[in-house]
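Visitor: Mind having a look at this structure? Questions to follow.
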């Protein structure tokens with residue numbers, strides 16, 4: 152049991168929170184312990200009845216069956232790639248920016264009368280992760296098709312269109328719009344860049360205390376002040392300079408004159 156808990160603690164805090172929230176909200180509904188109607192986002196009940204928990208549960212209520220397993224695995228992989236890569240040692244910043252991303256998803260999907268925001272949130276995270284991925288990175292779609300990772304959010308929108316119709320596709324598009332605004336506003340539409348919202352994207356001290364980063368050491372400085380080294384460092388890629396060739400003392404010694412060789416004895 153202790154080993155299992157130790158393995159769970161190795162998961163980054165924001166990724167752990169997202170996955171456990173999804174399981175904690177969805178499993179009671181699947182086991183018919185909780186009614187799903189008490190977890191959906193209904194604006195009148197949130198604003199007039201102050202049922203504020205719906206703002207939380209509506210982002211983590213998933214469907215049943217095999218599709219939910221794929222979504223949970225995708226949520227874990229996408230969040231872990233962000234928190235272990237571009238947001239390494241910056242989990243509080245990721246949590247702080249997620250709050251604004253969720254608020255933006257609610258605002259964009261309000262005309263669509265959306266009750267559950269789990270899919271738009273997943274598309275937004277996938278868009279940001281694919282935008283911050285190293286150039287030429289590829290991903291596998293259910294282990295069947297390999298495609299460039301930058302096209303993966305659009306594949307998700309196409310799958311929602313085929314499986315859920317225009318309403319589901321429109322919600323996925325709203326998630327992609329939030330992901331693009333997140334990438335452009337915080338990261339400046341590029342690795343190592345700085346967007347117009349970069350100064351507002353840093354988590355306050357109370358958020359760092361919640362995540363547990365108040366005593367965390369500062370991250371190491373990137374290689375140089377910009378350029379490819381800083382971009383790769385921001386993406387979680389370590390750049391290792393080539394080793395200098397080792398020269399032997401014999402190769403470095405110098406000699407003058409002509410090398411006559413060993414020669415032969417006369418008469419031999």
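In the numbering used here, the protein residues as written are 152 to 419.
Glycine residues also receive a C-beta, built at the ideal position from the N, C-alpha and C atoms.
#1: Take the Cβ of residue 221 as the centre, count every other Cβ of all protein chains shown within 10 Å, and call the residue buried at 16 or more, exposed below.
#2: Among 287, 349, 270 and 279, whose alpha-carbon lies nearest the alpha-carbon of residue 312?
#3: Starting from the Cα of residue 214, find the closest Cα among 339, 190, 236 and 203 and give me that residue.
#4: In terms of residues, what are the limits of the beta strand (DSSP E) holding residue 299?
#5: Roughly how far, in whole angstroms, is the beta-carbon of residue 282 from the beta-carbon of residue 362, given that I think they are within contact range, below 8 Å?
#6: Between the Cα of residue 321 and the Cα atoms of 301, 196, 252 and 274, which residue gives the shortest distance?
#7: Rounded to the nearest angstrom, what separates residue 290 and residue 276 at their Cα positions?
#8: Under a Cβ-count criterion, where at least 16 other Cβ atoms within 10 Å of its own Cβ denotes burial, should residue 359 be classed as buried or exposed?
#9: DSSP puts residue 292 in a beta bridge; with which residues?
#10: Quick check: what's the CA-CA separation for residue 325 versus residue 203?
#11: Mind checking whether residue 305 and residue 327 have CB atoms under 9 Å apart?
#12: Does DSSP put residue 236 in a helix, a strand or coil?
#13: For residue 170 and residue 262, what's the separation of their Cα atoms in angstroms?
#14: So what's residue 245 in DSSP terms, helix, strand or just coil?
#15: Using the rule of at least 16 other Cβ atoms within 10 Å of the residue's Cβ for burial, across every protein chain shown, is residue 257 buried or exposed?
#16: Excluding five sequence neighbours on each side, which residues of the same chain lie with their C-beta closer than 8 Å to the C-beta of residue 159?
#17: When the distance is taken between beta carbons, is residue 172 closer than 9 Å to residue 268?
#18: Cutting at 7 Å between CB atoms, please list the residues of its own chain near residue 179, excluding the five before and the five after it.
#19: Start and end of the alpha helix (DSSP H) containing residue 158?
#20: Go through its chain and collect everything with a Cβ distance to residue 347's Cβ below 7 Å, but skip five positions before and after it.
#21: Using three-state DSSP, classify residue 356 as helix, strand or coil.
#22: Can you find the residues in the same chain that come closer than 6 Å, C-beta to C-beta, to residue 449, ignoring five residues on each side of it along the sequence?
#23: Which residue marks the beginning of the alpha helix (DSSP H) containing residue 271, and which one marks its end?
#24: How should residue 297 be labelled, buried or exposed, when 16 other C-beta atoms within 10 angstroms of its C-beta is the threshold for buried?
#25: Skipping 5 residues on each side, what residues in its chain have a beta carbon closer than 6 Å to that of residue 393?
#26: Between the beta-carbon of residue 338 and the beta-carbon of residue 278, is there less than 9 Å?
Guide: Let's see:
#1: With fewer than 16 Cβ atoms within 10 Å of its Cβ, residue 221 is classed as exposed.
#2: 270
#3: 190
#4: 296-299
#5: Their Cβ separation, rounded to whole angstroms, is 23 Å, which puts residue 282 and residue 362 out of contact at 8 Å.
#6: Proximity to residue 321 across 301, 196, 252 and 274 peaks at 274, based on C-alpha coordinates.
#7: For the pair residue 290 and residue 276, the Cα-to-Cα distance works out to about 15 Å.
#8: With a 10 Å radius around the Cβ and a threshold of 16 neighbouring Cβ atoms, residue 359 comes out buried.
#9: 296
#10: 22 Å
#11: Yes, Cβ-Cβ distance for residue 305 and residue 327 is below 9 Å.
#12: Judged by DSSP in its simplified three-state form, residue 236 adopts coil rather than helix or strand.
#13: 28 Å
#14: The answer is helix: DSSP assigns residue 245 an H, G or I state.
#15: buried
#16: Here the set comprises 167.
#17: no
#18: 185
#19: 153-160
#20: 336
#21: helix
#22: The requested residue 449 is not part of the displayed model; the chain covers only 152 to 419.
#23: 269-282
#24: exposed
#25: Annotation note: pLDDT 43 at residue 393 (below 50); position unreliable, coordinate value reported separately. Correct list: empty, nothing qualifies.
#26: no
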